[in-house]
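What follows is a set of notes on a single structure, which appears directly below.
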Amino acid sequence: MNFLYIAYAATWLIHITYLGVLVRRYQHLRHEIEELKRSKS
Amino acid sequence: MKRAFPIFAVLTAVLLSYALYEALVAAPTEQTMGNVQRIFYYHVPSAWTAFLLFFINFVCSIQYLVRRDKVADTIANWVAIVLGIAACVAAIVIRPLPSGMEPSSVATTGLAITGLYFLIKRYFSGTGADALAVVTAEVGVVFCTVVLVTGPLWARPVWGIWWTWDVRLTSTLVLWLIYVSYLMLRRFSTSGQTPVLAAALAIFGALDVPLVYFSIWIFRTQHPQPVIGGGGSIDPRMLHVLLINWLAFLCFAALICRSRYRLEILQRELEEVQVLEALQEPRSSR
């Protein structure tokens with residue numbers, strides 16, 4: 000039974016980690032866009 | 000259209016929760032393996048989703064390469080059409096089909112290849128297809144990682160070992176390594192030829208997918224024989240839960256791909272603007 004729960008938890012851990020990476024990339028990109036806008040103005 | 004994304008996200012969350020309930024509670028317990036067999040409902044749909052994403056990556060890579068040349072583009076169009084027709088004819092004419100192939104699945108796969116090819120061609124331009132190739136490779140690697148993690152967690156209590164170097168397991172690991180190398184090439188290569196090299200690598204990488212899929216029919220492996228499409232049998236209630244979980248993971252993969260695609264396009268636009276700015280700077284400073 001433990002292996003079952005570990006497998007399900009691991010699956011969601013992998014997906015949530017990837018979603019976290021995507022969110023961080025979005026934030027970084029938004030920061031770069033704002034910097035570009037600031038340098039233009 | 001902007002509202003469609005959050006609605007789809009909520010529906011996917013509901014579907015994933017329902018699929019989880021079905022897998023852990025509603026599905027019948029397997030007699031030999033007991034509850035640990037329920038890993039099946041995450042392991043198999045993740046593998047199918049990864050294969051589908053790698054297949055889309057394969058189609059996008061071909062399109063990125065052939066669209067650079069009009070003749071190659073025309074030839075590729077005809078190959079896609081002929082492949083669809085040939086699969087349907089083969090499903091009707093050839094008896095018996097090689098092991099692991101059902102007439103309906105051969106015809107459906109052939110038509111799906113043709114349909115997907117023209118669907119991507121219709122909705123994604125050359126660079127759009129390249130962006131979609133990156134996205135599907137990345138999300139495919141995530142799902143393939145789930146397969147490689149849940150597999151040993153299922154194998155340990157059932158086989159008594161975490162891993163064995165049999166063909167199905169090894170070819171899946173090789174598949175994962177190929178697409179990780181694809182992503183590393185895209186991430187670290189600064190050459191202008193990177194998309195072309197990556198597309199060529201992806202086409203060779205995709206050749207491993209049929210090897211992974213058919214390995215259990217062709218070779219003697221430790222991995223269980225297929226329960227769907229290979230002469231095996233599965234309890235209809237288990238099949239129902241399996242398909243619900245696959246649908247839920249497909250919706251989840253579509254959501255992630257959509258977000259990642261938007262990120263990829265934004266990133267490329269930003270890089271273009273930055274290059275233009277860099278080119279204009281020396282002129283303005285003169």
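Going down the list, the protein sequences come from chains Z and U.
Using numbering that gives the first Met the number 0, the first residue of the first sequence is number 0, and each one after it goes up by one.
Using numbering that gives the first Met the number 0, the first residue of the second sequence is number 0, and each one after it goes up by one.
Where is the CB? At the ideal position from N, CA and C, for every residue including glycine.
Only a predicted model underlies this, so the values are computations on that prediction, with no experimental measurement involved.
Using the rule of at least 16 other Cβ atoms within 10 Å of the residue's Cβ for burial, across every protein chain shown, is residue i buried or exposed?
i, result
"U:Ile55", "buried"
"U:Asp68", "exposed"
"U:Val43", "buried"
"U:Tyr122", "exposed"
"U:Ala201", "buried"
"U:Trp245", "buried"
"U:Ser60", "buried"
"U:Lys120", "buried"
"U:Thr126", "exposed"
"U:Pro194", "buried"
"U:Glu268", "exposed"
"U:Ala247", "buried"
"U:Glu21", "buried"
"U:Gln62", "buried"
"U:Ser214", "buried"
"U:Glu263", "buried"
Can you tell me the Cα-Cα spacing of residue i and residue j, whole angstroms?
i, j, result
"Z:Leu28", "U:Ala26", "43 Å"
"U:Trp158", "U:Glu29", "16 Å"
"U:Glu137", "U:Val173", "16 Å"
"U:Met237", "U:Asn34", "13 Å"
"U:Ala154", "U:His239", "23 Å"
"U:Ala46", "U:Thr31", "23 Å"
"U:Leu19", "Z:Thr10", "12 Å"
"Z:Leu21", "U:Tyr17", "25 Å"
"U:Cys256", "Z:Arg23", "16 Å"
"Z:His30", "U:Gln36", "46 Å"
"U:Leu196", "U:Ser232", "43 Å"
"U:Trp161", "U:Pro209", "24 Å"
"U:Gln273", "U:Thr171", "39 Å"
"Z:Ile13", "U:Leu152", "15 Å"
"U:Ser180", "U:Val141", "14 Å"
"U:Tyr212", "Z:Tyr7", "23 Å"
"U:Ala86", "Z:Tyr4", "41 Å"
"U:Arg259", "U:Arg94", "44 Å"
"U:Phe4", "U:Leu254", "8 Å"
"U:Cys250", "U:Met183", "27 Å"
"Z:Ser40", "U:Lys1", "29 Å"
Please confirm if residue i has its CB atom under 8 Å from at least one CB of chain U.
i, result
"Z:Glu31", "yes"
"Z:Ile15", "no"
"Z:Arg37", "no"
"Z:Arg24", "yes"
For the alpha helix (DSSP H) that residue i lies in, which residues bound it at each end?
i, result
"U:Asn56", "39 to 65"
"U:Arg2", "That residue, U:Arg2, is in no alpha helix (DSSP H); it is neither H nor E in DSSP."
"U:Phe213", "207 to 217"
"U:Thr113", "102 to 122"
"U:Gly150", "125 to 158"
"Z:Gln26", "1 to 39"
"U:Asn76", "69 to 92"
"U:Ser170", "166 to 187"
Please state if the CB of residue j and the CB of residue i are separated by a distance shorter than 8 Å.
i, j, result
"U:Ala252", "U:Thr48", "yes"
"U:Leu96", "U:Pro102", "yes"
"U:Trp164", "U:Cys143", "no"
"U:Val58", "U:Tyr116", "yes"
"U:Gly168", "U:Gly150", "According to the sequence displayed, residue 168 of chain U carries Leu and not Gly. Taking 8 Å as the Cβ cut-off, U:Leu168 and U:Gly150 qualify as a contacting pair."
"U:Thr135", "U:Leu52", "yes"
"U:Ala82", "U:Thr113", "The sequence as given places Leu at residue 82 of chain U; Ala does not occur at that position. Yes, the Cβ-Cβ distance between U:Leu82 and U:Thr113 is below 8 Å."
"U:Arg185", "U:Val133", "yes"
"U:Ala90", "U:Val105", "yes"
"U:Ile177", "U:Gly204", "yes"
Given 7 Å as the limit, tell me if residue i has its C-beta closer than that to any heavy atom belonging to the ligand HEM.
i, result
"U:Thr48", "Annotation note on the ligand HEM: not contained in the displayed structure, which lists no ligands."
Should residue i be flagged as near chain Z, meaning a C-beta pair shorter than 8 Å?
i, result
"U:Val195", "no"
"U:Thr144", "yes"
"U:Asn34", "yes"
"U:Pro223", "no"
"U:Leu210", "no"
"U:Gln279", "no"
"U:Arg37", "yes"
"U:Trp175", "no"
"U:Leu51", "no"
"U:Gln350", "Only positions 0 to 285 of chain U appear in this structure, which leaves residue 350 of chain U out of reach."
"U:Pro156", "yes"
"U:Leu262", "yes"
"U:Ser258", "yes"
"U:Val240", "no"
"U:Leu269", "yes"
"U:Leu152", "yes"
"U:Gln266", "yes"
Just the chain A side, please: which residues come within less than 8 Å of residue i by C-beta, in chain order?
i, result
"U:Thr149", "Checking the listed chains, one finds no chain A in this structure; the protein chains it contains are Z and U."
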